[in-house]
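Residue numbers (the working numbering): 495 to 585.
Even for Gly, the Cβ is constructed at its ideal location relative to N, Cα and C.
Comments concern the structure below.
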Ligand SMILES: [Zn+2]
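Printed below as a string of structure tokens:
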């Protein structure tokens, strides 16, 4: 793990009263999902938990994954391009 951070207190109110709502398993970062017709290989994955703060009721993920892992430079679908896709000017 590089600079990923495990959430132990609420990101809004700093409460430690976080309850696990759902564990979605281990998810790979973007562009890392192996095609169904390929043999599986070793790949990084990160625990994806949905937590609920009992004090302010914020729902949040249980791990903040390093931004460079989540959105590497080769990942092109960012908010900057999302607007062009929506308005049809991308092609
Ligand atoms: Zn909170």
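By the CB criterion at 7 Å, residue 564 and residue 523 fall inside the cutoff. Residue burial annotation: residue 512 is buried, with at least 16 other C-beta atoms found within 10 angstroms of its C-beta.
Taking 8 Å as the upper bound for CB-CB distance, residue 540 and residue 527 are not in contact here, some 13 Å apart.
Secondary structure note for residue 515: its beta strand (DSSP E) is the uninterrupted segment 512-521. DSSP places residue 552 outside both helix and strand once states are collapsed to three, so it counts as coil.
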